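First to last, the protein sequences are chains Y and A.
According to the UniProt record's numbering, the first sequence is numbered sequentially starting from 1.
According to the UniProt record's numbering, the second sequence is numbered sequentially starting from 1.
2 protein chains.
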Amino acid sequence: MAPSRYVGILALVAGCLLPSGVRALWPIPHTLETGTTALTVSPFFYFDVQVEGAPLDLYEAVSQAQFYLANDKLGRLVVGRGANDTTALVGANTLSTLTLSLMSGATAEPIASEAVKPLGTRSEEYTLTIPADGSAATLVANSTLGLYRGLTTFNQLFYYYGGVTYTLLAPIAITDTPAYPFRGFALDTARNYYPVSDILRTLDAMSWVKINTFHWHITDSQSFPLEVAQYPELAINGAYSPQEVYTPSDVQYIVQYAGARGIDVLLEVDTPGHTSIIAATYPDYVACFDETPWSTYANEPPAGQLRFALPEVVNFTASLLADIASTVPSSYFSTGGDELNVPCYTNDYPTQLQLNSTNTTLNDALNTFTLATHGALIAEGKTPVVWEEMVLDWNITLSNETIVMVWISSEDALAVAERGFRLVQAPSNYFYLDCGAGAWLGDDPTGNSWCDPFKTWSESYTFDPLANLTEAQYELVLGGEQCLWSEQSGPENLDPIVWPRAASSAEIFWSAQQPTGAPLNVTEALPRLQDLRFRMVQRGLKPIPLQPYWCAIRPDACDLTA
Amino acid sequence: MAPSRYVGILALVAGCLLPSGVRALWPIPHTLETGTTALTVSPFFYFDVQVEGAPLDLYEAVSQAQFYLANDKLGRLVVGRGANDTTALVGANTLSTLTLSLMSGATAEPIASEAVKPLGTRSEEYTLTIPADGSAATLVANSTLGLYRGLTTFNQLFYYYGGVTYTLLAPIAITDTPAYPFRGFALDTARNYYPVSDILRTLDAMSWVKINTFHWHITDSQSFPLEVAQYPELAINGAYSPQEVYTPSDVQYIVQYAGARGIDVLLEVDTPGHTSIIAATYPDYVACFDETPWSTYANEPPAGQLRFALPEVVNFTASLLADIASTVPSSYFSTGGDELNVPCYTNDYPTQLQLNSTNTTLNDALNTFTLATHGALIAEGKTPVVWEEMVLDWNITLSNETIVMVWISSEDALAVAERGFRLVQAPSNYFYLDCGAGAWLGDDPTGNSWCDPFKTWSESYTFDPLANLTEAQYELVLGGEQCLWSEQSGPENLDPIVWPRAASSAEIFWSAQQPTGAPLNVTEALPRLQDLRFRMVQRGLKPIPLQPYWCAIRPDACDLTA
Chain Y
1 MAPSRYVGIL ALVAGCLLPS GVRALWPIPH TLETGTTALT VSPFFYFDVQ
51 VEGAPLDLYE AVSQAQFYLA NDKLGRLVVG RGANDTTALV GANTLSTLTL
101 SLMSGATAEP IASEAVKPLG TRSEEYTLTI PADGSAATLV ANSTLGLYRG
151 LTTFNQLFYY YGGVTYTLLA PIAITDTPAY PFRGFALDTA RNYYPVSDIL
201 RTLDAMSWVK INTFHWHITD SQSFPLEVAQ YPELAINGAY SPQEVYTPSD
251 VQYIVQYAGA RGIDVLLEVD TPGHTSIIAA TYPDYVACFD ETPWSTYANE
301 PPAGQLRFAL PEVVNFTASL LADIASTVPS SYFSTGGDEL NVPCYTNDYP
351 TQLQLNSTNT TLNDALNTFT LATHGALIAE GKTPVVWEEM VLDWNITLSN
401 ETIVMVWISS EDALAVAERG FRLVQAPSNY FYLDCGAGAW LGDDPTGNSW
451 CDPFKTWSES YTFDPLANLT EAQYELVLGG EQCLWSEQSG PENLDPIVWP
501 RAASSAEIFW SAQQPTGAPL NVTEALPRLQ DLRFRMVQRG LKPIPLQPYW
551 CAIRPDACDL TA
Chain A
1 MAPSRYVGIL ALVAGCLLPS GVRALWPIPH TLETGTTALT VSPFFYFDVQ
51 VEGAPLDLYE AVSQAQFYLA NDKLGRLVVG RGANDTTALV GANTLSTLTL
101 SLMSGATAEP IASEAVKPLG TRSEEYTLTI PADGSAATLV ANSTLGLYRG
151 LTTFNQLFYY YGGVTYTLLA PIAITDTPAY PFRGFALDTA RNYYPVSDIL
201 RTLDAMSWVK INTFHWHITD SQSFPLEVAQ YPELAINGAY SPQEVYTPSD
251 VQYIVQYAGA RGIDVLLEVD TPGHTSIIAA TYPDYVACFD ETPWSTYANE
301 PPAGQLRFAL PEVVNFTASL LADIASTVPS SYFSTGGDEL NVPCYTNDYP
351 TQLQLNSTNT TLNDALNTFT LATHGALIAE GKTPVVWEEM VLDWNITLSN
401 ETIVMVWISS EDALAVAERG FRLVQAPSNY FYLDCGAGAW LGDDPTGNSW
451 CDPFKTWSES YTFDPLANLT EAQYELVLGG EQCLWSEQSG PENLDPIVWP
501 RAASSAEIFW SAQQPTGAPL NVTEALPRLQ DLRFRMVQRG LKPIPLQPYW
551 CAIRPDACDL TA
């Protein structure tokens, strides 16, 4: 695969000398060939959907692509923003059509259906060809999902100046396919609540960089904003307010909105830790509830964890998780499992009574609990997802299919792989977007963020998904995700703290071909990421500026060694 | 002064037990007495302006206060957000009027005129009394500016629940006066541009915490967005785009808007460093323009500094600064003077030719340049303001009136004071809001922010304005400011990166009575700052969340040692 990838890199290197239209692509396609011919987009440009039985969400995607094509109006990030391109555009050929079609034998399912298929069975690849002579461009894929990815790429190919939408790099030929099947973004909506509109806007941005999983950490110890039909009191007593909830119809709308953008919604209901607020409804189910000092019983306030040794808690949790999981189409569901605090149970009378009377250990009880909760999910057709502690810190039986998320450190992937589990890379030392904002606990003026320092896009971008692993273990790496934990975040800072940084992992897991293609390079990437960022601004997002604008329009001039 | 300040602290300590309405005050007033009586605000409440010849901007301020009183609708930050207060409100007395008046002998000038008087001659003090029996509240001051400050306090006294605006702490008696005359916020609008609307919104927020100086770092090496009537090419060639400029009428509007909110606009046109972009118009006036490696010639790209040794550059700069200064009413103008790079001139032929032919040193030339530029400003009636290097790194003659801003380190205040200059505290190790966001230069994936770590509100809040100084030097400390440098900021993240953090210095310099009153305390302050933050949200600002909402409504529960 390496040689074909080099085609793309070489074209881009040339693009640093030429006026590069393709500088805007993010993630960089698997193969990319470009020419040097100017091509303008016709004011009468249209997308020609030659797909038999095309589903509604494909037409919606085309309509969205048409909107972006007309409204992005992104000037090239050079001094003058494209003013110098106008002479090249005089007499240029005009592109009037992009024809979308499926490969023969492929059937047209809704994008939303393709997006929730099991990992490894989704078809995201596509071929996009734009001739230089003005004849129709073509987009071909094996699925509507592949067509959706291709439309995303198509929208990134064009700049705008003085009323003209154009590329200077026709002909363009792209064949594209992701390096990894799982490319996620995780959002914690429990420490602080995000209105549905913020989530939808985030899903849009995710789709622009081909992220295909919204890992929704929807509940935690602080709040339970998820309305569950069978357990309505959990949100009534556990949401921050009656307005700060996700109703079943909110969830359905978000899932549908995500699916239409090629995104699977992976719900996480973190158990048995991170559940303090459940005590507001079921006080008997929660140990060490709001005990102080909280730091003895939890990593952050408030303390409180499910009494997983009690049979009624096992039944309740299995039922709760299955009920929630049954409402969403994803093949996956996360039961969490991080930061389980043992001292919480040491003096917990109901837990100790149960353990003593049944002559079992805390570990055995956790095993029973996990078998039951995971069993209930598997019965619903879901594959369980857990945080790394469930395999590294505890001795419990998990289905071989279980997916393990590595978060504490990138060093831990090896240990997970050695146990034979498939894994998702979400290491805090590369991918936690909340790091570096200082201490948030009160009375701690000299405290720093526990995962200091702030992870810049480029630090994240240097992450190697296969580091430390043996070649035989490579296939266990499903992909990765960047995460926003919300102790110090909310709708007020969502866009700038996430974007464009979350695009770093999106490119790593789309473009970094395993086992080892050409390594990604921060210097080559920065101008493209700037382009992505400015296109995001054009689309109404509020991504953080990466540099002074002076630097943004002078690629490489602000490199450390320039 | 300490005893009267203790009244306030004690009332607040009691307030942690009682339902505290006054928890919301920020900055905390000089003296504060509260009762335990509920008092509701009448739907027909009005502000009774008993001020002879009241200026228009006082009426505008009253109108704004009326708007906030009706629309803040801030629930108390406790579980239930005030639901438990409703019984106390049954049959409560109703407040119908706040009477505003000036002390006898005081004359009613516009707030905007009072706001630009020389430091030390402005009258910001006021007395606010709210009886418990429903009779008229009174606000008395020596000036319209004092009345404005009092209105700001009045608006922070009330909560809202279920259609009722109320306090539970009547009667309330406040006498208030600032500890320091200069309380600023500095914004760099040159690295990245901010639309006028962003500046206006920021001025509003500044006024809510009684910040009285907008230090506007309006130009820098990267861009020159300021349109100067006598030198139009500077912005034509130096602004990022024709849209990204501050026209003379923009500046007038901003100055007027600020003035009406009790805020003086201190313009900074940084010289002779930080001027690279002037070369786009006057290439002969700039040394080492865009030289590489930039790191030899500047602290950040692009390199380029005024050839201050050349007589024509001295004349140009003096004329430019005087022309700009003459358009604004402030008594102060900053000529910058930070980070002057010597190697820039070492091989600069015009500079060396001039120095050799006149047998002068670079230091002498800087002295001549500064005498001329400051002289021109003094002739315009302005007091010059400079960064600390102008007195610590160079041997130049400055007017005794010159104000020196300490920025490199809080340790440097002593050296400035030892030279006898009045100073403003803007130390990067406490007050730089941009710290902690990682490296922004390209090709530097492992680089951190130069002033790591991120300055939390509480770290900033522990700053002692008088640290290391002798008692005789205390009077030299005019106040201080937090600063946003915009390498990694722009309109997209302005609100969350500035607020509520910039309120920390606002309280230090309003409430920390010198020489040494009761020290400010982060644990006491946090619930009040949370209240301020949530009130800011109610007013449409986007301040960063400081903690999970669970913590915000449970004061002290998320303290480090809780």
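We put the beta carbon where it would ideally sit given N, CA and C, even for glycine.
In this text the structure is predicted, and so the values were computed from the model without any measurement.
According to the neighbour-count rule (16 or more other Cβ atoms, all chains shown, within 10 Å of its Cβ), is Val342 of chain Y buried or exposed?
-> Residue numbering aside, residue 342 of chain Y sits at position 342 when the first sequence is read from its first letter. Its Cβ having fewer than 16 others within 10 Å, Val342 of chain Y is exposed.
Strictly by DSSP, which residues pair up with Asn93 of chain Y? For the purposes of this step, residue 93 of chain Y is taken as residue 93 along the first sequence, with counting starting at 1. Paired residues: Y:Leu39.
Mind checking which residues open and close the alpha helix (DSSP H) that includes His374 of chain A? By 1-based counting over the second sequence, the position of residue 374 of chain A is 374. That run of the alpha helix (DSSP H) goes 362-379.
* Would you call Pro283 of chain A buried or exposed, if buried means 16 or more other Cβ atoms sit within 10 Å of its Cβ? -> The count along the second sequence starts at 1 and reaches residue 283 of chain A at position 283. So Pro283 of chain A counts as exposed.
To the nearest angstrom, how far is the alpha carbon of Thr402 of chain A from that of Ser63 of chain A? Here residue 402 of chain A corresponds to residue number 402 of the second sequence, with the count starting at 1. Here residue 63 of chain A corresponds to residue number 63 of the second sequence, with the count starting at 1. So the two alpha carbons sit approximately 38 Å from each other.
Next on the checklist: Taking only three categories from DSSP, how would you classify Ser276 of chain A?
Outcome noted: In the second sequence, counting from the first residue as 1, residue 276 of chain A sits at position 276. Helix at Ser276 of chain A.
Hey, how far is the Cα of Gln425 of chain A from the Cα of Ala92 of chain Y?
Translated into the one-based positions of the second sequence, residue 425 of chain A becomes position 425. Translated into the one-based positions of the first sequence, residue 92 of chain Y becomes position 92. So the alpha carbons of these two residues sit roughly 59 Å apart.
*Between Tyr285 of chain Y and Pro311 of chain Y, what straight-line distance do the alpha-carbon atoms span, to the nearest angstrom?*
Along the first sequence, read from residue 1 onward, the residue named residue 285 of chain Y stands at position 285. Along the first sequence, read from residue 1 onward, the residue named residue 311 of chain Y stands at position 311. Straight-line Cα distance between these residues: approximately 10 Å.
Ends of the beta strand (DSSP E) at Gly184 of chain Y? Translated into the one-based positions of the first sequence, residue 184 of chain Y becomes position 184. That run of the beta strand (DSSP E) goes 182-188.
Which partner residues of Thr99 of chain A appear in the DSSP bridge assignment? Translated into the one-based positions of the second sequence, residue 99 of chain A becomes position 99. Answer is A:Asp48, A:Thr138, bridged to Thr99 of chain A.
| message | For the stretch 96-103 of chain A against the stretch 125-145 of chain A, do three or more pairs of beta-carbon atoms, one drawn from each stretch, fall closer than 8 Å, so that the two count as touching? | response | yes
**Prompt:** Roughly how many whole angstroms lie between the Cα atoms of Phe224 of chain Y and Thr271 of chain Y?
**Reply:** For the purposes of this step, residue 224 of chain Y is taken as the residue at position 224 of the first sequence. For the purposes of this step, residue 271 of chain Y is taken as the residue at position 271 of the first sequence. The straight-line gap from Cα to Cα measures roughly 12 Å.
Check: Taking DSSP as the reference, what is the three-state secondary structure of Trp485 of chain Y?
Finding: For the purposes of this step, residue 485 of chain Y is identified with residue 485 of the first sequence, where counting begins at 1. Note: Trp485 of chain Y maps to coil in three-state DSSP.
request  = Flag Gln252 of chain Y as yes if its beta-carbon sits less than 8 Å from any beta-carbon of chain C, otherwise no.
outcome  = In the displayed structure, chain C is absent; the protein chains listed are Y and A.
Any C-beta of chain Y under 8 Å from that of Pro3 of chain A: Walking along the second sequence from the start, residue 3 of chain A turns up at place 3. Reliability of the predicted coordinates at Pro3 of chain A is poor, the pLDDT of 34 falling under 50, and no value is obtained from them.
For Tyr166 of chain A, the residue or residues it bridges with in DSSP:
Reading the second sequence from its first residue, position 166 is the one you call residue 166 of chain A. DSSP lists A:Thr40, A:Tyr159 as partners of Tyr166 of chain A.
task = Could you say which of Y:Leu362, Y:Ser399, Y:Ser104 lies nearest to Asp393 of chain Y if we only look at CA atoms?
result = For the purposes of this step, residue 393 of chain Y is taken as the residue at position 393 of the first sequence. Cα-wise, what sits closest to Asp393 of chain Y is Y:Leu362.
**Report entry** Which residues DSSP lists as bridging Gln243 of chain A, in chain order
**Finding:** For the purposes of this step, residue 243 of chain A is identified with residue 243 of the second sequence, where counting begins at 1. Answer by DSSP bridge pairing: none, since Gln243 of chain A is not bridged.
Check whether Thr213 of chain A and Phe182 of chain A have beta carbons under 8 Å apart:
The residue given as residue 213 of chain A occupies position 213 in the second sequence. The residue given as residue 182 of chain A occupies position 182 in the second sequence. Cβ atoms of Thr213 of chain A and Phe182 of chain A: closer than 8 Å.
According to the neighbour-count rule (16 or more other Cβ atoms, all chains shown, within 10 Å of its Cβ), is Tyr159 of chain A buried or exposed?
Numbered from its first residue, the second sequence carries residue 159 of chain A at position 159. Buried, by the Cβ-count rule.
With a threshold of 8 Å between beta carbons, is Tyr240 of chain Y in contact with chain A? Translated into positions along the first sequence, residue 240 of chain Y becomes position 240. Cβ-Cβ to chain A under 8 Å: yes for Tyr240 of chain Y.
**Report entry** Delimiting residues of the beta strand (DSSP E) encompassing Pro131 of chain Y
**Finding:** Taking the first sequence and counting its residues from 1, the one referred to as residue 131 of chain Y is at position 131. Pro131 of chain Y -> no beta strand (DSSP E), and no H or E assigned at all.
Using a 10 Å radius around the Cβ and a threshold of 16 neighbouring Cβ atoms, would you call Glu507 of chain A buried or exposed?
Position 507 of the second sequence, counting from 1, holds the residue named residue 507 of chain A. Its Cβ being crowded by 16 or more others within 10 Å, Glu507 of chain A is buried.
query = Taking C-beta to C-beta, are Glu339 of chain A and His274 of chain A nearer than 8 Å?
reply = The count along the second sequence starts at 1 and reaches residue 339 of chain A at position 339. The count along the second sequence starts at 1 and reaches residue 274 of chain A at position 274. Yes. Within cutoff.
### Message
For Tyr126 of chain Y, count the other beta carbons within 10 Å of its own beta carbon; 16 or more makes it buried, fewer makes it exposed. Which is it?
### Response
Position 126 of the first sequence, counted from the first residue, corresponds to residue 126 of chain Y. Tyr126 of chain Y comes out buried.
Original post:
Which residue from A:Thr34, A:Pro242, A:Arg149 puts its Cα closest to that of Gly80 of chain Y?
Top reply: One-based indexing of the first sequence puts residue 80 of chain Y at position 80. Out of A:Thr34, A:Pro242, A:Arg149, A:Pro242 has the C-alpha closest to the C-alpha of Gly80 of chain Y.
key: Contacts that Gln222 of chain A makes with chain Y (C-beta to C-beta distance below 9 Å)   = Against the second sequence, residue 222 of chain A aligns to sequence position 222. In chain order: Pro548, Tyr549, Trp550, Cys551.
Would Leu526 of chain Y pass as an interface residue toward chain A - the criterion being a Cβ-Cβ separation below 8 Å?
On the first sequence, position 526 is the one that residue 526 of chain Y refers to. Interface residue, yes.
Check the DSSP bridge columns for Glu33 of chain A and list the partner residues they point to. As a first step, residue 33 of chain A must be located in the second sequence, where it is residue number 33. DSSP, once it has assigned bridges, lists A:Ala173 as partnering Glu33 of chain A.
| request: Sort A:Val41, A:Phe431, A:Leu77, A:Thr292 by Cα distance to Ala557 of chain A and report the nearest one. | output: Looking up residue 557 of chain A in the second sequence gives position 557. Selected option, being the one with the closest Cα: A:Leu77.
message: Taking the straight line between their C-alpha atoms, what separation do you get for Leu151 of chain Y and Thr446 of chain A?
response: In the first sequence, the residue the question calls residue 151 of chain Y occupies position 151. In the second sequence, the residue the question calls residue 446 of chain A occupies position 446. Taking the straight line from one Cα to the other gives about 34 Å.
Handout entry: Beta-carbon proximity check, Pro545 of chain A vs Asn192 of chain Y, cutoff 8 Å
Key = On the second sequence, position 545 is the one that residue 545 of chain A refers to. On the first sequence, position 192 is the one that residue 192 of chain Y refers to. Going by C-beta atoms, Pro545 of chain A is nearer than 8 Å to Asn192 of chain Y.
**Prompt:** Short check: CB of Pro301 of chain Y to CB of Ala562 of chain A, under 8 Å?
**Reply:** Residue 301 of chain Y sits at position 301 when you count from the first residue of the first sequence. Residue 562 of chain A sits at position 562 when you count from the first residue of the second sequence. Yes, these two residues count as a Cβ contact at 8 Å.
Report task. Indicate whether Ala413 of chain Y and Asn356 of chain Y have their beta-carbon atoms separated by less than 8 Å. Result -> Working through the first sequence from its first residue, we reach residue 413 of chain Y at position 413. Working through the first sequence from its first residue, we reach residue 356 of chain Y at position 356. No, they are not a contact pair.
**Study point:** Proximal chain A residues relative to Arg191 of chain Y, where beta-carbon distance stays under 7 Å
**Key:** As a position in the first sequence, residue 191 of chain Y is number 191, starting the count at 1. By Cβ distance, chain A contributes Pro548.
Q: With 7 Å as the C-beta to C-beta threshold (strictly closer), list the residues of the stretch 424-442 of chain A near chain Y in chain order.
A: Gly436, Ala437, Gly438, Ala439, Trp440, Leu441, Gly442
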